[in-house]
Amino acid sequence: MPTITYAGRITDSRKGLPIFLDALELLLSAQIPRFRVRIVGGAEAEAGSVEHSIHRIDTCRRAMEDGRIEVWSRVERAALPELYSRSTVVCVPSLREQFGMVAVEAMMCGTPVVASRIGGLQDLVVHDITGYLVDRLNPSALASALAQFVRNPKLGQWMGRNARLWTTNRFDLESVTDRYVKLFENLMKGEQSHYDDQSGPPALRQRMLEVDRPIVEELVGDPLKKWRDVSSSPTPSFVAETNNSSYFVKLHQERPPSLNCLETTRFTIDSISSERIKLARFLSTAPVVPRVIAADEKTGILIQERLLEESNASDDEAEALMLNSSNQIQSIITVQGPEADEFLLALHRVSSATEEATAIEVVDQAAMKLSAALLEMKPRLRRCHPQIELIRILNYLKKNPWAVGPDFGARVRSLVNFLIAERPLVCTLPRLQHGSMKREHLMRRFDGTPAVCDLDHAGLYVGPHDVAHWFHEQHRHSKVAAPYSMLNLIHRLAQSEEDRFLGAIWLAIFPIFNGLWRFARGDWMTRVWDMQFLTAYPEAFRRVFTRSRESAAVR
Amino acid sequence: MRILLLTLTDDPFDPAGVGRFGGSQAFFFDLSRQFVRIGHQVTIVTRLNDIAKPQSQSLGPLCTIYRVAVGPPSEVDHHSLGFLREDLIAAVLALPLNGRFDILQTSNWLSGAVGLALVPKLADKHVHHLLSLGRVRLDLGEEPSPHDQTRDEWECRIFSSADALVCVTKDEQNALERLYPDVAKHKVTIIPYGIDADLFAPRPGNAYDYLRRPNNRFT
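Taken in sequence, the protein lines are chains S and H. Just so we're on the same page, my numbering is the position in the first sequence counted from 1, plus 8. Just so we're on the same page, my numbering is the position in the second sequence counted from 1, plus 28.
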C-alpha cells in the first residue's frame, strides 16, 4: 500500500503539520487508491496531542481506526532510513524552512519528497524530478501532488532514483566537512572561498550523464571528449563529442506519462523508455526524422545523428517545414486493418454510451490496440481522440473537484461542456503525428536538409494535432491569449471541416491539460493567459465556425 | 586545526524531532564528529538547558563539550537571551580552553554576538553560520517579537565583522543579500548541511536482507 510519511517536529507550527492534516482530509475523501500515513516525531505527549487533532477530523479518525494513519513519537535516528525507505513519498509542508534535513535524508534513502515551495527547500527538492514543490499554506496543492504518488507507484520509483542520484556526493557529510575544512584553511591563508553550486536540474542532468557515460561510450565506440546540455524537456539531452564525431544523446527516463499520474489506470507498461527507443527507430524511416545511430533499450539511452538548430527560417518557411515534417511522419503508415475497424466501432459504441468512464475506457483500449498493431509498441494509455479527452477532463474534474483552483475548474467545466455539446463524436481514424510540434523542434542537417527532433510524443492522433500544437506553442507565451486568431490559423491549414473542428478541440485541450497538470504538481497560481483563453474561446469558436458554415452555404 | 564551535542556542545532544530541536542540532553533532575523525580538535560550547546534563564532558581525546550555566537551566525562548550576552562571554572566557583556536565557528545570532567579543582573545578567524535570519521571519509575515530589534542589531554587526558567513542554500544566500544589502558578498559562501551517507541510504524492503545493508559491513 502506498505510504505517505511526515517526519519532524510535530508541535512547531512552522513545520506545517496542520496543513498536512488538511491535505489528508482531502485525500481520504478522494477517489484514489487506499494509502497509509505515518506521522513521526515529537515527545509522547506531543504525539498524543496530534492524535487528538486527528480524531477531530471524521475521515482521518476513520482511517486511524482502520490502521491507515499511524502516529509515532520520535524514533531513533538510525530508524529513520528504514522509515523513509518504506515510504512512497515523504511530505515536508513547512511554512518556513532554512534548510530541510528531512527532505535531504529522505532523498538520500531514495524516496521522493513533496515540500512547500519556500526557503531552502527550493534548493533541495528538484521540482518535477526528485519530488514536487507546492504552494505554501495550500492543503489542496499538497494533496494534489501527494495523490499522484498514490495513483502511480512508478512515479515515486522514478523520482526516488533521481533523488538518490541528486543527493549522493552533494549532501553527504564527508564532502560537506571537506568544504568546511577548505573554507577554514583558505581563511587561515587569508583567502576567501566561494562555492558556486550549479542549480538543480542542470546539475542533476550532468550527474545522469556521468553515470551513463560508460554505456554511451560503448554505444558510440569512442570515449567522450566533452558534452553540452541541450535539454529542452524533462528528458536529459546532450550534444556529445568524441575525437571523430559528434552525436545527439538522449537519456530516456522511466517517468510515467502525466496522464498515468492523473488517473488510476491498469494500462501501464513496465518500461516507457524502451518503448520510446523503439518508436524512434520505427519513425526514422521518414527522411525528416533523425537517424538512430545506437541505442540501449534497457537504460533508455538513444544516440542519434547530430542536427543543427533551424533558426534562420521565416515564420512562413517554418510553417511549411512543420507541415512537410508532419506529412512525412503521417505517411510512414496507413491506418487500416482489423484494429482500425475496431477503433471506429469503439467510437460508434461510445456515441451511445451513457457512462462516461465506460466510454473513455472503450476508446482507450481500442486506441491502445491500434497503436500496438501499427507502431509495434506495447499497449499503454495515451491521448488519441480530442473529444474523448474532453470527456476525460470532465470526468477528472468530477472525481477531483478539490484538485484545481475553483476559478480555473469552473471555466474549464463550462468550456468543455460547451464543446461536448457542439457536435457529436467524430468517428474517424487517427493518423501518425509528431505529437509535440513546435518551432524549437525544427532542425536541419549539416547538408541543409530539414529534420525534426523530439519525437517522444509521436503517436496516433485523431484530427490535426500537430497543427493545433504548433499554433498553441506559438501563442502560449504571448501577453494576451487570442483564441480567435489561433482558431483562424488552424482553419487556414486544416484540410477539411472535420479537421478544423478537431483541431479547434485540440487547441482547447492543450492549455486545459497544462493547467490541470500544473495544479496536480502543486502550483496553484491560475495563469491570466489561461483564464483569458478559456473565457474568450467559446465566442471565438462561434465566430470562426459560424463564418465557416456561412461561407460553405454561399459556395 | 583547533576549532571552537559556539552553539549557545542548540545543544548538539538534544534529540532532533522533539520540541524545537531540529536538524541543525543533528548536523552540528555529526560535523563535530567528522572534524574529529579527520584529526581536528573540536571544543563545543553550548548553554546548559537542563540541570541533568553534565557541564563538561570529554568526548574522546580530540573533543570536549562545555555547557555554560548562564540563565535558567531549562529551555527558554532563545531569542529572549540577548540580555545574557555579557554573562555568556564571561562564562566562555572562564572555561579551561587551553590556548587559542584557529577557527571560532558560531551558529545563530546569539552565538555570533558572543563570538564577536571572543574572537580577539580566543580565535584567529570567525566563521558565522546563519542558522536563521531575523528579517526573513518578518518578511514572511510572522508575528513580530519584542526581541526583533536586538537581534537585528546584532545580526548586522556579526555580518559586518565575521570573516566568513555560511549559508546552507542559495535561497538563504539570496535572502541575506536582499534583506541585508550591506553584507560584503565575498564573505558569503554556501555549504549545505551534511548527512551521514552510511546511515541514510536506501534500505531493502525485506528484513531478511539485513546482512546486505551497507552500515553493517565490518569495514
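Each residue gets a CB set at the ideal place from its N, CA and C atoms; glycine is no exception. Computed from a predicted model, the values in this text were never measured in an experiment.
With 16 as the cutoff for other CB atoms within 10 Å, does residue i come out buried or exposed?
| i | result |
| --- | --- |
| S/Arg500 | exposed |
| H/Ala122 | exposed |
| S/Glu318 | buried |
| S/Phe28 | buried |
| S/Ser253 | exposed |
| S/Glu505 | exposed |
| S/Arg565 | Given that chain S is displayed from residue 9 to residue 563, the structure contains no residue 565 of chain S and the question cannot be resolved. |
| S/Glu199 | exposed |
| S/Leu25 | buried |
| H/Ala118 | exposed |
| S/Lys234 | exposed |
| S/Phe454 | exposed |
| S/Asp324 | exposed |
| S/Asn146 | buried |
Could you give the DSSP three-state label for residue i: helix, strand or coil?
| i | result |
| --- | --- |
| S/Val219 | helix |
| S/Asp415 | helix |
| H/Gly51 | helix |
| S/Thr554 | helix |
| S/Glu334 | Before going on, a small fix: residue 334 of chain S reads as Ser here, not Glu. In this structure, S/Ser334 counts as helix in the three-state DSSP scheme. |
| H/Tyr94 | strand |
| S/Ile77 | strand |
| S/Gly127 | coil |
| S/Ala71 | helix |
| H/Arg245 | Because the pLDDT of H/Arg245 is 47, which lies under 50, any placement of that residue in the model is unreliable, and the question is left without a value. |
| S/Ala4 | For chain S, the structure presents residues 9 to 563; residue 4 of chain S sits outside this window and is missing. |
| S/Phe509 | helix |
| S/Ser359 | helix |
| H/Val104 | coil |
| H/Ala229 | coil |
| S/Glu317 | strand |
| S/Ile62 | helix |
| S/Thr543 | helix |
| H/Ser86 | strand |
| S/Cys269 | helix |
| S/Ala326 | helix |
| S/Asn194 | helix |
| S/Ser148 | helix |
Residue j and residue i - do their beta-carbons sit closer together than 9 Å?
| i | j | result |
| --- | --- | --- |
| S/Leu495 | S/Ala429 | no |
| S/Asp8 | S/Ala489 | Given a span of 9 to 563 for chain S in the structure shown, any question on residue 8 of chain S remains unanswerable. |
| H/Leu76 | H/Val96 | yes |
| S/Leu542 | S/Arg400 | no |
| S/Gly443 | S/Asp464 | yes |
| S/Ser102 | S/Ala123 | yes |
| H/Thr35 | H/Asn136 | yes |
| S/Leu181 | H/Val155 | no |
| H/Asp39 | H/Ser52 | no |
| S/Asp143 | S/Ala151 | no |
| S/Met116 | H/Ile131 | no |
| S/Leu227 | S/Ala302 | yes |
| H/Phe49 | H/Ile72 | no |
| S/Ala51 | S/Gly118 | no |
| S/Val110 | S/Val98 | yes |
| S/Gln165 | S/Glu283 | no |
To which residues does DSSP link residue i through a beta bridge?
| i | result |
| --- | --- |
| H/Lys215 | Its beta-bridge partners do not exist; DSSP assigns none. |
| S/Gly139 | S/Val121, S/His135 |
| S/Ala248 | S/Trp235, S/Tyr255 |
| S/Tyr469 | S/Arg439 |
| S/Asp304 | S/Ile309 |
| S/Asn11 | With the sequence shown as reference, residue 11 of chain S is identified as Thr, and Asn is not the correct amino acid for it. According to DSSP, which records beta bridges pairwise, S/Thr11 is partnered with S/Arg44. |
| H/Phe129 | H/Ala151 |
| S/Ala111 | DSSP output for S/Ala111 lists no bridge partner at all. |
| S/Ala459 | S/Met451 |
| S/Asp180 | H/Ile223 |
| H/Ile72 | H/Leu33, H/Ile93 |
| S/Cys99 | S/Val122 |
| H/Thr134 | H/Leu34, H/His156 |
Could you check if residue i belongs to the surroundings of the ligand FAD, using beta carbon to heavy atom distance under 8 Å?
| i | result |
| --- | --- |
| S/Pro222 | This structure simply doesn't include the ligand FAD, nor any ligand for that matter. |
Of all Cβ atoms in chain C, is any one closer than 9 Å to the Cβ of residue i?
| i | result |
| --- | --- |
| H/Tyr94 | The structure shown contains no chain C; its protein chains are S and H. |
Complete runs of the alpha helix (DSSP H) confined to the stretch 148-213 of chain H [at least 4 residues]: Annotation note: the stretch 148-213 of chain H contains the following uninterrupted alpha helix (DSSP H) runs of length 4 or greater, listed N- to C-terminal: 162-167, 176-189, 198-207.
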